[in-house]
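Scroll down for the structure; my scribbles are underneath it.
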Amino acid sequence: MDVRSTSRKPVEPLQLVEQELRLLVERPVPLTLYVADLDGSLPDGWLDMASLRALLLHPSVGFATRGAIWVRLLTLTRAGGRAGEEWCTATCAMALPGLWRIAGRLRREVPELAVELQQVMLCGFWDALVRLREQAPTMEQPGRIPASLCWAADRAARSFRNREAEHGRRSSALGDGAAQQGTALNPETVLELAVAAGVLSREAADLIAATRLDGVPVRVLAERAGCTPESLGMRRRRAEVRLIEALRGGRLDCTPTADLMTQR
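Below you can see the structure in the form of structure tokens.
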């Protein structure tokens with residue numbers, strides 16, 4: 001299957017997070033959270049994720065209360081398996097307003113990298129989430145958690161943008177002839193090198209190979225794995241960002257293969 005042949009506009013990574021949130025809300029048994037015990041002024045009852053996000057954005061919710069809710073969310077992301085993935089998605093969705101603002105600024109600066117930068121933003125967000133959730137229960141100002149996560153996403157994206165600009169300058173300096181010298185490794189070999197170098201897990205490499213090279217629909221693999229296509233697609237995106245960064249950074253010698261990862 002030629003992944004380049006499709007003319008459909010790819011769903012942007014942040015749009016995919018919003019879609020996943022909608023699935024968590026609209027499914028027969030929605031993902032819900034009880035927060036009334038954190039502040040007497042909060043609604044008494046289990047809140048679905050759309051209601052929780054609206055609550056977090058409401059000006060009547062104080063800084064300390066908002067922080068307590070975020071601590072609870074981060075704690076829940078430590079759950080294993082599908083439950084942990086769902087809480088990671090939900091936590092990211094709570095920060096989407098801030099992430100969209102960052103993405104909008106970056107799109108104006110480098111529109112040609114809009115999708116890639118959103119992928120990197122999400123990776124930066126999740127990496128920071130993993131670090132912060134260990135500190136969250138003892139943080140003096142947990143109300144800063146959402147800002148810290150968004151700042152991490154912004155820093156990751158801007159670092160990637162700067163590396164891409166430097167890569168472009170180096171490529172121009174080498175010239176087209178020099179850039180085309182040698183034989184590029186095939187994608188399967190690159191994935192094996194990425195596993196050997198610790199860039200990708202075996203599971204992540206197999207996921208990329210099956211969906212990008214063999215043409216197996218994400219939906220089919222998700223059914224086999226017992227997860228949603230959206231969560232599996234997000235997992236693939238995170239792996240692809242790691243692979244692209246390794247290629248761009250010279251850790252793997254097969255730069256042309258990075259083009260594959262920009263296709264749906």
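Sequence positions in the sequence shown follow this note's numbering and run 1 to 264. We treat Cβ as the ideally placed atom computed from N, Cα and C, and that holds for glycine.
Quiz item: Which word fits GLU140, buried or exposed, when buried means at least 16 other C-beta atoms lie within 10 angstroms of its C-beta?
Solution: exposed
Exercise. Measure the C-alpha to C-alpha separation of ALA225 and PRO137 and round it to an integer number of angstroms.
Key: 33 Å
Exercise. Drop a sphere of 10 angstroms on the beta-carbon of GLY175, count the other beta-carbons inside from all chains shown, and report buried for 16 or more, exposed for fewer.
Key: Caution is warranted here: a pLDDT of 49 is assigned to GLY175, below 50, making its placement in the model unreliable, and no coordinate value can be reported.
Quiz item: Can you tell me the Cα-Cα spacing of ILE69 and ARG82, whole angstroms?
Solution: 21 Å
Quiz item: Does DSSP put THR32 in a helix, a strand or coil?
Solution: strand
Quiz item: Is the beta carbon of LEU99 less than 9 Å from the beta carbon of LEU21?
Solution: no
Quiz item: Quick one: what does DSSP say GLY250 is sitting in, helix, strand or coil?
Solution: coil
Quiz item: Nearest to GLU164 by CA position, among CYS88, LEU247 and CYS123, is which residue?
Solution: LEU247
Quiz item: Do three or more CB pairs link the region 152-160 to the region 39-48 at distances below 8 Å?
Solution: no
Exercise. Please report the Cβ distance between ILE102 and ALA157, rounded to the nearest whole angstrom; I am assuming they are in contact, meaning their Cβ atoms lie under 8 Å.
Key: 7 Å
Self-check item: Beta carbon of VAL120 nearer than 9 Å to that of GLU12
Solution: no
Exercise. Check the C-beta distance from LEU252 over to LEU193 and give it rounded, since I have them as a contact under 8 Å.
Key: 5 Å
Quiz prompt | Assigned secondary structure, LEU200 (DSSP; H/G/I helix, E/B strand, else coil) | solution = coil
Practice problem: Helix, strand or coil for ASP44, going by three-state DSSP, please let me know. | Solution: coil
Self-check item: Helix, strand or coil at ASP39 according to DSSP, with G and I counted as helix
Solution: coil
Quiz item: What three-state label does DSSP hand ALA103 in the structure shown?
Solution: helix
Practice problem: Give the straight-line distance between the Cα atoms of LEU24 and GLU86, rounded to the nearest whole angstrom. | Solution: 8 Å
Quiz item: According to the Cβ coordinates, are THR77 and CYS88 closer than 9 Å?
Solution: yes
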